[in-house]
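Read through the structure below, which is laid out as structure tokens, and then see the notes.
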Amino acid sequence: MSTPLDKKIVEYLTEDARMSFRKIAKITEKSTDTIINHYNRLIESGDIRGSTVVVDIEKIGYQGIAAFEIDITSSDDITSDHIMETLIKMPNIIVATKTVGEHDILLLAVIHNLEHYQIISEEIGQIQGIKNISSDIWSGNKKILPKYFII
Amino acid sequence: MEMARQKIDKIDITILRNLQRDARTKYSDIAKQSQVSVDTIIKRYRRLQKRGIITKTTLLLDPRRFGDEVIANFNIDVEPQSVTEVITFLEKQPNVKFSTHAMGEDDIFTIATARNMNEMNNLKEKIQSHNMVREVKTSIWVDQFLLCPQNFELEPLMEKKR
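First to last, the protein sequences are chains A and B. Sequential numbering of the first sequence, starting at -11, is according to the numbering used here. Sequential numbering of the second sequence, starting at 32, is according to the numbering used here.
Printed below as a string of structure tokens:
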């Protein structure tokens, strides 16, 4: 992110991703076209990965979040990329990252209840290449940094 | 917990699904998909906000692009009865972005960002030296991490009519 204007655009849209470019142009005393150009550049450069709506997970029927830390056995056929692709397509898994350290992959999933948590664990365990899963449940409605991690 | 579950209908789901993928989706595009008027979509969107289902719309940013090159999570084991004390300590560290009491393998789960590996290591050592902390396991996030807001299940909310 290079210019002070970029910073401003990111700041406003982080608070309200639906704010109109015209409004941002007015506040920053630039033209709407300038704002649109800067915004497009921020998207192209990958500084902005996208935008989303933040929902209250309890209001849509979730009781909490579970963190799954996974060890894998990758081979020529099944790489960690394959495993990641499979995992992130599973319902309720909202964050997935490869890690270096104790485990190979970290997943964050939203869970309805303990039974649901067990079902997700079993589904993950059935994926080829997964050797071991250890997990933690976080109780309550935890807010992680929405601008980085959705929740 | 079932009490908190709120009923939403097909139009609400179409709004949420569109905004999960792109919070800047035009009301008129959502209206077209739902075959209702733009006014209806705007009204519904405001109602979802009012009911607290939508808390905000935001950008998804890559922390690495904003000066924090390293992201890590720590799984922390602490002495009995000291979880709250350690979480309070963690929340005071500027690098710590999130901390929670966990049930399972570890006592506390924390996510932190740092400008570089050195800074992250300093944080780890600081946590380790806390007298109530027994063990800190670190995982450094590598590669682009994946986010999938569309993976929230919304459809079950619709089925439960009574």
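The beta-carbon is built from N, C-alpha and C at its ideal position, and this holds for glycine as well. What you are looking at is a predicted structure, and each value in this text was computed from that prediction instead of being measured.
Asked: Closer than 8 Å by C-beta to Glu122 of chain B: which residues in its own chain qualify, once you throw out the five before and the five after it? Chain order, please.; Found: Ser130
Asked: Nearest chain A C-beta to Val164 of chain B closer than 8 Å, yes or no?; Found: no
Asked: Please confirm whether Lys168 of chain B has its beta-carbon closer than 8 Å to some beta-carbon of chain A.; Found: yes
Asked: Taking Asp104 of chain B and Ile142 of chain B to be in contact with their CB atoms under 8 Å, please state how far apart those CB atoms are, rounded to whole angstroms.; Found: It should be noted that the sequence gives Asn, not Asp, for residue 104 of chain B. Confirmed, Cβ separation roughly 5 Å.
Asked: For the 8 Å Cβ check, are there 3 or more pairs between the segment 168 to 177 of chain B and the segment 64 to 83 of chain A?; Found: yes
Asked: What number of angstroms, rounded off, separates the C-alpha of Val109 of chain B from the C-alpha of Glu90 of chain A?; Found: 18 Å
Asked: Which residues in the same chain have their Cβ closer than 8 Å to the Cβ of Ile99 of chain A, if we skip the five residues on either side of it in sequence?; Found: Tyr50, Gln51, Gly52, Ile53, Ala54, Asn80, Tyr105, Ile108, Ile125
Asked: If you follow the beta strand (DSSP E) that Thr89 of chain B is part of, which residue opens it and which one closes it?; Found: 85 to 92
Asked: So is Thr67 of chain A buried or exposed if we call it buried at 16+ other beta carbons inside 10 Å?; Found: exposed
Asked: Taking Ile132 of chain A as the query, report the chain B residues whose CB atoms sit under 8 Å from its CB, ordered along the chain.; Found: Lys128, Phe129, Ile142
Asked: Under the assumption that Thr22 of chain A contacts Arg10 of chain A (Cβ atoms under 8 Å), give the Cβ distance between them as a whole number of angstroms.; Found: Not a contact, Cβ separation roughly 12 Å.
Asked: Hey, which unbroken runs of the beta strand (DSSP E) at 3 residues or more fall wholly within the segment 21 to 108 of chain A?; Found: 36 to 43, 52 to 60, 81 to 89, 93 to 99
Asked: Which of the residues in the segment 67 to 87 of chain B, read from start to end, lie with their CB under 8 Å from any CB of chain A?; Found: Arg82, Gly83, Ile84, Ile85, Thr86, Lys87
Asked: Against chain B, does Glu17 of chain A count as a neighbour if the rule is that its beta carbon must be under 8 Å from one of theirs?; Found: no
Asked: Could you give the first and the last residue of the continuous alpha helix (DSSP H) run that contains Met151 of chain B?; Found: 148 to 159
Asked: Quick check on this structure: which residue in A:Leu30, A:Tyr136, A:Glu46, A:Phe137 has the alpha carbon closest to the alpha carbon of Asn101 of chain A?; Found: A:Glu46
Asked: What did DSSP end up calling Phe129 of chain B once you bin it into helix, strand or coil?; Found: strand
Asked: So Met148 of chain B and Val101 of chain B are supposed to be a Cβ contact under 8 Å. How far apart are they, rounded?; Found: 6 Å
Asked: Would Ile61 of chain B and Asn49 of chain B be called neighbours here (beta carbons separated by less than 8 Å)?; Found: yes
Asked: Looking only at DSSP bridge pairs, what is Gly135 of chain B linked to?; Found: A:Asp124
Asked: May I have the straight-line CA-CA distance separating Val(-2) of chain A from Phe183 of chain B, to the nearest angstrom?; Found: 25 Å
Asked: Quick one: what's got a C-beta closer than 6 Å to Tyr0 of chain A's C-beta in the same chain, skipping five residues either side?; Found: Met7, Ile12
Asked: Sorted by chain position, which residues of the same chain lie with C-beta nearer than 6 Å to Ile85 of chain B's C-beta, five sequence neighbours on each side aside?; Found: Leu79
Asked: Helix, strand or coil: how does DSSP classify Met32 of chain B here?; Found: The predicted position of Met32 of chain B is uncertain, since its pLDDT is 43 and thus under 50; a value taken from the coordinates is nonetheless stated next. Met32 of chain B falls in the coil class under three-state DSSP.
Asked: Which chain B residues are close to Ser122 of chain A, counting only those with a beta carbon under 7 Å from its beta carbon?; Found: Glu136
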